[in-house]
Amino acid sequence: MNCEREMLSLILLAILLALSKYHPRVKDHLQKMYVCWNDLLEEPQLSAWFNPKKRPDVISTTCWLAPVIWEGTYDRQVLDKYYKRLNITIGLAVLATGNLTRQYLRHFLKSADKYFMVGYNVIFYISTDNIYDIPYVELGPLRSFKTLRLPDEDYNQGHTLRSMKNIRDKIIQDIQYEVNFLFTMAVNQIFKKDFGVETLGKSVAQLHSWWYLKNPREFPYERRVKSAAFIPFGKGDFYYHSAIIGGTPKNVLAFIKEYLKGITDDSTKKLDSTYESHLNKYFLINKPTRVLSPEYNWNPKLKTPPQIKRIKIAWRP
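Structure follows, in structure tokens:
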């Protein structure tokens, strides 16, 4: 077994040397694979860093046993020790179009630079229809940004639909080779506290602060039977906020493809369901492996209940 491992390592090293001169992006991706391959450190067990018993006042574990991340339930140091060894890169894609670019993007980027995945390699992907409206923000070490310009030919389509098509294409072409994890976020948010590696998982969903406090019977799921986003009464786990989704690039891509398919199916039936409705339908069928509590996206206009100990992101409705 050791001989086979050494042989495979030598083959990988040879590929790196052959490609390094002409394909720096491929080289970087393969180097990360090489590090992961040869690192005998196993991913920490959930029980090593997550303790739901520390927050008996809230739902801290789903019925499918995914952790719901609340302040006090996690030990970030255990995860830092693991992820630092892997030298991971996290992507953060944000949609900034029209008036939202000038109004919100500067505050979003400055706060994200300060609080999002501190100490890790981060690439900000800014999806915009006007690159000249992007403000200058001096980023800290380990941080960079790339512009994802929305195609002009899709101008008549909605901003969200255009952005999702654009991000889908960019994940396939570039992003999946550049980052280990990817978040897509709405621009009208401000980071208030550290948003760290406790949020990382294969598929990450965000609980909606407003609907978390409501009766599940009131959730605004899509109730039209013919819609691809249809959820019948009595079904559904939580109501998820479209402001934040995350996971591996592969899993984020899977959601985007399903969303675009649902939108297309609905349009043939002359239906127009919201992005958030399709998101909630997707997570009903494809259970997220990590759920973020409302602390990670709290609306400050709401009366803050005692369950909210530490607001990570403030939502700007």
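Letter by letter, the sequence shown follows residues -22 to -1, 1 to 295 of mature numbering (1 follows the signal peptide of the UniProt record, and there is no 0).
Backbone N, C-alpha and C define an ideal beta-carbon position, used for all residues, glycine too.
When Cβ pairs closer than 8 Å are counted between the two stretches, the region 189 to 201 is seen to touch the region 209 to 218, the count reaching three or more.
Per DSSP, the continuous alpha helix (DSSP H) segment holding Lys59 begins and ends at 54 to 64. C-alpha of Pro284 to C-alpha of Ile47: approximately 16 Å in a straight line. In the DSSP secondary-structure assignment, Val115 is not bridged to any residue. Arg146 carries a helical assignment under DSSP once its states are collapsed to helix, strand and coil. The region 180 to 259 contains, as complete alpha helix (DSSP H) runs of 4+ residues, the segments 187 to 190, 227 to 246 (chain order).
For Lys290, the closest alpha carbon among the candidates Tyr274, Lys281, Thr282, Pro278 is that of Tyr274. A check of alpha carbon separations from Tyr237 across Lys143, Gln184, Thr246, Gly225 identifies Lys143 as the nearest. Scanning Leu43, Glu21, Glu20 for the CA closest to the CA of Asn29 turns up Leu43.
When rounded, the separation of the alpha-carbon atoms in Tyr82 and Gln23 is 38 Å. Residue state for Leu43 is assigned as coil, using DSSP reduced to three classes.
The beta carbon of Lys287 sits closer than 8 Å to the beta carbons of Trp48, Glu49, Gly50, Glu273 from its chain, once the five residues preceding and following it are set aside; these are given in chain order. In the structure shown, Ala26 adopts helical secondary structure according to DSSP, grouped into three states.
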